[in-house]
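Peer 1:
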Amino acid sequence: MADSAQAQKLVYLVTGGCGFLGEHVVRMLLQQEPRLRELRIFDLHLGPWLEELKTGPVQVTAIQGDVTQAHEVAAAVAGAHVVIHTAGLVDVFGRASPETIHEVNVQGTQNVIEACVQAGTQFLVYTSSMEVVGPNIKGHPFYRGNEDTPYEAIHRHPYPCSKALAERLVLEANGRKVRGGLPLVTCALRPTGIYGEGHQIMRDFYHQGLRLGGRLFRAVPASVEHGRVYVGNVAWMHVLVARELEQRAALMGGQVYFCYDKSPYKSYEDFNMEFLGPCGLRLVGTRPLLPYWLLVFLAALNALLQWLLRPLLLYAPLLNPYTLAVANTTFTVSTNKAQRHFGYEPLFSWEDSRTRTIRWVQAMEGSVQ
Ligand SMILES: NC(=O)C1=CN([C@@H]2O[C@H](COP(=O)(O)OP(=O)(O)OC[C@H]3O[C@@H](n4cnc5c(N)ncnc54)[C@H](O)[C@@H]3O)[C@@H](O)[C@H]2O)C=CC1
Ligand SMILES: C[C@@H](CO)CCC[C@@H](C)[C@H]1CC[C@H]2[C@@H]3[C@H](O)CC4=CC(=O)CC[C@]4(C)[C@H]3CC[C@]12C
0 MADSAQAQKL VYLVTGGCGF LGEHVVRMLL QQEPRLRELR IFDLHLGPWL EELKTGPVQV
60 TAIQGDVTQA HEVAAAVAGA HVVIHTAGLV DVFGRASPET IHEVNVQGTQ NVIEACVQAG
120 TQFLVYTSSM EVVGPNIKGH PFYRGNEDTP YEAIHRHPYP CSKALAERLV LEANGRKVRG
180 GLPLVTCALR PTGIYGEGHQ IMRDFYHQGL RLGGRLFRAV PASVEHGRVY VGNVAWMHVL
240 VARELEQRAA LMGGQVYFCY DKSPYKSYED FNMEFLGPCG LRLVGTRPLL PYWLLVFLAA
300 LNALLQWLLR PLLLYAPLLN PYTLAVANTT FTVSTNKAQR HFGYEPLFSW EDSRTRTIRW
360 VQAMEGSVQ
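In numbering that gives the first Met the number 0, the protein residues as written are 0 to 368.
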């Protein structure tokens with residue numbers, strides 16, 4: 000693939016290319032992959048920003064489609080050299096049913112794999128998640144762990160269950176013969192909590208803080224550390240993996256890589272304050288204002304209300320037993336596997352990542368109602 004005769008010859012497909020991460024992957028590919036001829040962006044909902052990309056040298060093809068529909072996926076994959084599969088239903092709030100989460104995240108991924116096999120597409124990069132590992136239902140900490148750190152990964156929630164199943168499908172598909180007889184080369188990237196421009200939960204916290212008079216109230220102890228990674232670096236890692244998979248198929252095929260960078264280890268809330276603080280918000284309390292047992296009670300109450308109200312309306316607050324458990328369990332990654340296997344170094348320093356995210360939050364101010 001790296002040979003110069005193939006300059007501007009490659010066709011890439013990004014599923015979920017209009018999502019938070021997907022948009023960064025799309026833009027990163029256009030900036031950093033000189034061999035691109037065509038970039039296909041497949042998503043359930045296409046963004047208007049795609050129009051501006053269509054004037055560049057690379058053919059940008061927007062495809063409105065659903066990963067659960069095998070024929071739509073097959074049509075999008077036909078003729079692609081590389082597929083980056085980021086599409087997924089990211090729902091830990093109970094907005095979608097467990098069946099829908101499974102259908103999109105697991106069946107959707109199976110459809111992508113089968114489409115690669117049928118079309119003769121040899122390279123598949125899958126966006127997995129740290130949630131495939133943990134935090135587990137027992138709340139065991141994962142402290143500075145790497146891809147080989149033993150951890151009891153036991154899940155009940157539909158989202159991590161679906162990501163774990165889908166990741167397994169992708170890894171097991173490595174080596175399958177695709178049309179034409181060549182082996183499929185797959186690999187899975189596991190971001191920790193992604194942040195950066197476009198992050199919906201950061202947006203929600205910002206607006207909540209404004210509604211509360213510029214304050215947010217600490218709910219999680221500052222000692223609980225949460226792994227975070229800048230979206231630009233996650234996108235860069237996807238682009239690099241896609242680029243290196245052919246040359247290093249024997250090493251990288253069937254492997255998992257945590258997505259990491261130099262973002263500091265902090266609690267979820269303290270980390271968010273790195274951006275929300277300079278935008279005028281204040282985190283009240285050096286300790287959680289409410290005792291943990293009360294938060295557990297409120298989270299359980301929210302779950303009960305969600306269930307009771309379901310026939311009438313969708314009640315899906317941020318706080319539920321699962322999000323409380325995740326936010327209260329240390330999960331941090333310390334690894335250099337991506338650097339060793341394919342030369343990954345973060346493209347954005349922590350200072351750049353922070354500045355970019357702050358600028359994005361500041362730009363939102365104008366749009367606050
Ligand atoms: N946001 C985070 O902190 C993390 C996200 N991830 C993974 O990264 C990937 C992207 O996540 P985000 O960008 O945060 O979410 P997102 O919700 O912003 O993006 C997902 C995209 O997939 C599309 N999509 C959903 N269902 C689809 C379907 N049936 N057919 C076609 N497209 C569909 C959505 O329209 C959306 O554009 C997901 O696979 C997620 O599991 C992994 C770790 C952390
Ligand atoms: C107790 C609340 C009071 O402020 C704080 C609630 C914060 C939660 C909504 C988030 C805390 C940790 C987040 C998750 C984590 O970053 C790992 C994730 C990986 C993914 O693949 C998808 C998103 C998420 C599950 C992410 C979701 C939001 C949190 C639970």
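Using N, Cα and C, we set each Cβ at its ideal position, and we do this for glycine too.
Can you check which of these residues, Thr191, Ala298, Trp292, Ala249, is closest to Thr329 by C-alpha distance?
Peer 2: Closest option to Thr329, Cα to Cα, is Thr191.
Peer 1: Decide if Ile40 is buried, meaning its Cβ has at least 16 other Cβ atoms within 10 Å, or exposed.
Peer 2: Buried, because 16 or more other Cβ atoms sit within 10 Å of the Cβ of Ile40.
Peer 1: Regarding Leu297 and ligand 2, is the C-beta to nearest heavy atom distance less than 7 Å?
Peer 2: No, the Cβ of Leu297 stays beyond 7 Å of every heavy atom of ligand 2.
Peer 1: Is it buried or exposed for Gln254, if we count other Cβ within 10 angstroms and need 16 for buried?
Peer 2: Buried, by the Cβ-count rule.
Peer 1: Name the residue from Gly144, Thr126, Thr14, His80 whose alpha carbon lies nearest to the alpha carbon of Gly226.
Peer 2: Taking only the C-alpha atoms, the option nearest Gly226 is Gly144.
Peer 1: Given a cut-off of 8 Å, decide if Ala69 and Gly15 are closer than it, judged by their beta-carbon atoms.
Peer 2: Cβ atoms of Gly15 and Ala69: not closer than 8 Å.
Peer 1: What beta strand (DSSP E) runs, 3 residues minimum, are completely inside the stretch 246-271?
Peer 2: Whole beta strand (DSSP E) segments, 3+ residues: 254-258.
Peer 1: At a cut-off of 7 Å, would you count Gly192 as near ligand 3, judging by its Cβ distance to the nearest heavy atom?
Peer 2: Ligand 3 is absent from the structure shown, which contains only ligand 1 and ligand 2.
Peer 1: With DSSP as the reference, please indicate the residues paired to Gly192 in a beta bridge.
Peer 2: Arg227, per the DSSP bridge assignment.
Peer 1: Flag Ala218 as yes when its Cβ comes closer than 7 Å to any non-hydrogen atom of ligand 2, and as no otherwise.
Peer 2: Yes, ligand 2 has a heavy atom inside 7 Å of this Cβ.
Peer 1: Find out if the Cβ-Cβ distance for the pair Leu188, Tyr256 is shorter than 8 Å.
Peer 2: Contact flag set, yes.
Peer 1: Can you tell which of Phe92, Arg242, Lys8 has its C-alpha closest to the C-alpha of Tyr321?
Peer 2: It is Phe92 whose Cα lies nearest to the Cα of Tyr321.
Peer 1: For Pro287, which residues from the same chain have a beta carbon less than 7 Å from its beta carbon, with the 5 sequence-adjacent residues on both sides left out?
Peer 2: So the list reads Arg217, Ala218, Val219, Pro220, once near-sequence residues are dropped.
Peer 1: Kindly indicate the opening and closing residues of the alpha helix (DSSP H) around Asp203.
Peer 2: From DSSP, the alpha helix (DSSP H) with Asp203 extends over 199-210.
Peer 1: Mind checking Trp235: buried by the 16 CB within 10 Å criterion, or exposed?
Peer 2: Trp235 should be labelled buried.
Peer 1: In its own chain, which residues sit with a C-beta less than 8 Å from the C-beta of Met251, not counting the 5 before and 5 after it?
Peer 2: Cβ within range, chain order: Val184, Cys186, Val240, Glu243, Leu244, His340, Phe341.
Peer 1: For the beta strand (DSSP E) holding Gln30, just list the boundary residues, first then last.
Peer 2: First-last for Gln30: 19-31, but that is the alpha helix (DSSP H), not the beta strand (DSSP E).
Peer 1: Is there contact here, the stretch 27-40 with the stretch 198-216, by at least three beta-carbon pairs under 8 Å?
Peer 2: Contact between the stretch 27-40 and the stretch 198-216 is absent, because fewer than three Cβ pairs lie under 8 Å.
Peer 1: Assuming Tyr314 contacts Gln305 (C-beta within less than 8 Å), just tell me the rounded distance between them.
Peer 2: The Cβ separation is near 5 Å, so the contact holds.
Peer 1: What did DSSP end up calling Ala4 once you bin it into helix, strand or coil?
Peer 2: Any reading at Ala4 is ruled out, since the residue's pLDDT is 45, under 50, leaving its predicted position unreliable.
Peer 1: Quick check: what's the CA-CA separation for Gln121 versus Asn104?
Peer 2: Cα to Cα, Gln121 sits roughly 21 Å from Asn104.
Peer 1: Cβ of Leu49 versus every heavy atom of ligand 1: is any distance shorter than 7 Å?
Peer 2: No, the Cβ of Leu49 stays beyond 7 Å of every heavy atom of ligand 1.
Peer 1: Let me make sure I understand the geometry here. Which of Leu43, Trp359, Asn327 has the alpha-carbon closest to that of Asn135?
Peer 2: Of the candidates Leu43, Trp359, Asn327, the one whose C-alpha sits nearest the C-alpha of Asn135 is Asn327.
Peer 1: Excluding sequence positions up to five away, which residues of its chain have a Cβ less than 8 Å from the Cβ of Ala299?
Peer 2: Closer than 8 Å at the Cβ level, and outside the excluded window around Ala299, lie Pro320.
Peer 1: CB Val66 to CB Val111, shorter than 8 Å?
Peer 2: Yes. Within cutoff.
Peer 1: Relative to ligand 2, is the shortest distance from any of its heavy atoms to the C-beta of Ser161 smaller than 7 Å?
Peer 2: Ser161: no, Cβ never under 7 Å from ligand 2.
Peer 1: Could you give the DSSP three-state label for Arg39: helix, strand or coil?
Peer 2: Three-state result, Arg39: strand.
Peer 1: Less than 7 Å separating the Cβ of Phe19 from some heavy atom of ligand 1?
Peer 2: Because some heavy atom of ligand 1 lies under 7 Å away, the Cβ of Phe19 counts as near it: yes.
Peer 1: If I follow the unbroken beta strand (DSSP E) through Val10, where does it start and stop?
Peer 2: 9-14 is the span of the beta strand (DSSP E), which, as asked, contains Val10.
Peer 1: Go through its chain and collect everything with a Cβ distance to Gly213's Cβ below 7 Å, but skip five positions before and after it.
Peer 2: So the qualifying residues of the chain are Gly279, Leu280, Arg281.
Peer 1: Rounded to the nearest angstrom, what separates Leu323 and Glu50 at their Cα positions?
Peer 2: Approximately 39 Å, taken between the alpha carbons.
Peer 1: Unbroken alpha helix (DSSP H) runs of length 4 or more, entirely within the stretch 108-194: which are they?
Peer 2: The stretch 108-194 contains these whole alpha helix (DSSP H) runs: 157-172.
Peer 1: Secondary structure at Arg358, three-state DSSP: helix, strand or coil?
Peer 2: Note: Arg358 maps to helix in three-state DSSP.
Peer 1: Note down the Cα distance separating Gly78 from Pro159, rounded to an integer number of angstroms.
Peer 2: Going by the C-alpha atoms only, they are around 32 Å apart.
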